[in-house]
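Heads up, the thing below is written out as structure tokens.
Residue numbers (our numbering): 147 to 310.
Structure, rendered in structure tokens:
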């Protein structure tokens, strides 16, 4: 069973530690809340690095993908989401679009994204891995911690635990 996070409670308990993203994402995936250590990918309309990353062990990790906010194609679909679940990823935060949402909604994976789009992305092997990425008014650094639920997304330089 995955840990449950309530972002308003984390904000109240750790006001000096959290940075809150602008409200822009919708919650997809089978997990209402998720959190973990940040792994970053920066790519634009090419999900080659996302595909490579879901093949790796992801226990305790959340993939944060700066897809440039593109609304022209999907950067995550059911096959990559299923691979992420198989490899233990906690979730994916996609600054871009996803597809196959009916399947993704049934998976034990947290997914936050801007929107849905039926078209798949290019695969040219272009992008950057484990670099700081900025969107929604927040910069995500590899190794930081991110927490997400239906209330929003927040980032902390150190791990947070739910208050009693």
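We put the beta carbon where it would ideally sit given N, CA and C, even for glycine. As the structure is a prediction and not an experimental result, all values here were calculated from the model.
Taking one beta carbon from each stretch, the segment 157-167 and the segment 178-190 have fewer than 3 pairs nearer than 8 Å; the two do not touch. When the Cα atoms are used, residue 178 and residue 165 turn out to be separated by approximately 20 Å.
Judged by DSSP secondary structure, residue 153 falls within the alpha helix (DSSP H) whose first and last residues are 153-159. By the neighbour-count criterion, in which 16 or more other beta carbons inside 10 Å mark a residue as buried, residue 232 falls on the exposed side. With a beta-carbon spacing of about 10 Å, residue 282 and residue 212 fall beyond the 8 Å limit used to define contacts. Between residue 193 and residue 217 a beta carbon distance of about 15 Å is seen, past the 8 Å cut, so the two are scored as non-contacting. DSSP places residue 170 in the coil class of the three-state scheme, outside both helix and strand. CA-to-CA, the gap between residue 289 and residue 180 works out to about 16 Å. Excluding the 5 residues flanking it on each side, residue 251 has same chain C-beta neighbours closer than 7 Å at 174, 175, 176, in chain order. Separation of residue 215 and residue 301 (C-alpha to C-alpha, rounded to the nearest whole angstrom) is 19 Å. Between residue 266 and the set 220, 171, 206, 149, the nearest pair of CA atoms involves 220. One thing to note: residue 200 has its Cβ within 8 Å of the Cβ of residue 226.
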